[in-house]
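Below you'll find the structure, written out as structure tokens, and then a few comments.
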């Protein structure tokens, strides 16, 4: 039986641990207290960073990215088209990366295309990547 965990205040059943490849199905992937880089698969994934400064990459599905403790980044570096992501609102329609819900995310990384990234009232780091990007700091 897969292990149970708490992610973003919700009880989840962990389907995939670190070091295992995500599937094209709907996965629940849990990080560690250290800094992790976690890739989701093609399904509608729940990715929990836990502690550490994590990089969460959801993929093409409608994903939930939960950073947890540390300074966490939602990365759209693999997105097949430009993304529009606003840390001050949810959910996010991220173009080719599906419609994502972001929780406890402080930083954004865009794609190789034309992106619009907007921060919130906290201190954020916005990385546009290649393309003609628009970066808005928000209130932070």
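Residue numbers (the working numbering): 115 to 254.
Think of the CB as a built atom: it goes at the ideal place given N, C-alpha and C, for glycine as much as any other residue.
Values in this document were obtained by computation on a predicted structure and should not be read as measured data.
- 228 is the residue among 140, 228, 220, 202 whose C-alpha sits nearest the C-alpha of residue 209.
- Contact between the segment 155–174 and the segment 136–143 is present, with at least three C-beta pairs closer than 8 Å.
- Out of 166, 182, 187, 183, the CA that lies nearest to the CA of residue 172 is found in 187.
- With contacts defined as CB atoms closer than 8 Å, residue 233 and residue 251 qualify as a contacting pair.
- Scanning the segment 134–201 for uninterrupted beta strand (DSSP E) segments of 3 residues or longer gives 142–144, 151–153, 160–162, 169–171, 178–180, 187–189, 198–200, listed from N- to C-terminal end.
- Distances from the alpha-carbon of residue 253 to those of 206, 245, 198, 239 put 239 closest.
- Annotated as proximal: residue 205 and residue 213, with beta-carbon spacing under 8 Å.
- The bridge partners DSSP lists for residue 214 are 206.
- Taken through DSSP and simplified to helix, strand or coil, residue 250 comes out as strand.
- Judged by their CB atoms, residue 139 and residue 165 are not nearer to each other than the 8 Å cut-off.
- Rounded to the nearest angstrom, the gap between the Cα atoms of residue 179 and residue 163 is 8 Å.
- Around the beta-carbon of residue 203, fewer than 16 other beta-carbon atoms lie within 10 Å, marking it exposed.
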